[in-house]
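Asks: Under UniProt numbering, the residue at position 42 of the sequence shown is numbered 42, and the numbers go up by one with no gaps.
Every residue, glycine too, gets a C-beta built ideally from N, C-alpha and C.
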Amino acid sequence: MFSAMFESLPYAMVMLVPFLMMLLITGGLMVNLASLPPYVGWIKYFSWFMYSNEALTVVQWEGVKNITCETGPHVPCLTEGRSVMQKFTFNYQHVPMDLVCMTVLFICFHTIGFLGLMSRARRK
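(1) Helix, strand or coil: how does DSSP classify Pro76 here?
(2) Here's the rule: buried if 16 or more other CB atoms are within 10 angstroms of the residue's CB, otherwise exposed. What is Val58?
(3) State the Cα-Cα distance for the pair Tyr92 and Glu62, rounded to the nearest angstrom.
(4) Whose C-beta lies closer than 8 Å to the C-beta of Val95 among residues of the same chain, with five residues either side of it excluded?
(5) Only counting the same chain, and skipping five residues up and downstream in sequence, which positions put a Cβ closer than 7 Å to that of Met21?
(6) Mind the definition here: the region 95–104 touches the region 43–53 only if three or more C-beta pairs lie below 8 Å; say whether that holds.
(7) Helix or strand or just coil, what does DSSP make of Phe88?
(8) Applying the 10 Å Cβ sphere with the 16-neighbour rule, what's the burial state of Gly72?
(9) Hey, out of Lys65, Ser3, His74, whose CA is closest to Arg82's CA?
(10) Does the separation of the CB atoms of Gly27 and Phe88 fall below 8 Å?
(11) Beta-carbon within less than 8 Å of Met85's beta-carbon, same chain only, minus the 5 sequence neighbours each way: which residues are those?
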């Protein structure tokens, strides 16, 4: 998308890095999604990282009944897969919608990239 919209690599990188950082931060990889303030929390819905992270976490931990913990007394221990998903505020019922949202984001981002490329081509 960004490479098609901008003529030079430095301009594309200037726009791409903050965009990707916001998607990464609000994707649930670095921060618990429930702890995001409302003025930033809406960005997570544009993050393919959030949808893919939730889908993969649910697939990984659904059905796991026993997690053996060998930690110290003051370290929290999650003993089953459901508690892992609850900690990250993920739900197994969201997986079909995660897949739909990733598809919609794919189509939207590629459409924006195509429109940007078409705009650049018309200017030349």
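Replies: For this structure:
(1) Three-state result, Pro76: coil.
(2) It is buried - the Cβ of Val58 has at least 16 other Cβ atoms within 10 Å.
(3) Taking the straight line from one Cα to the other gives about 7 Å.
(4) If you ignore the 5 residues before and after Val95, its C-beta comes within less than 8 Å of the C-beta of Glu54, Ala55, Val58, Val59, all in its own chain and listed in chain order.
(5) There are no such residues.
(6) Contact holds: three or more Cβ-Cβ distances are below 8 Å.
(7) Per DSSP, reduced to three states, the secondary structure at Phe88 is coil, with no helix or strand assignment.
(8) The Cβ neighbour count for Gly72, taken over all protein chains shown within 10 Å, is under 16; the residue is labelled exposed.
(9) Distance check between Arg82 and each of Lys65, Ser3, His74 places Lys65 closest, using alpha-carbon atoms only.
(10) Judged by their CB atoms, Gly27 and Phe88 are not nearer to each other than the 8 Å cut-off.
(11) Excluding its 5 nearest sequence neighbours in each direction, Met85 has C-beta neighbours in its own chain below 8 Å: Thr57, Val58, Trp61, Glu62, Asn91, Tyr92, listed in chain order.
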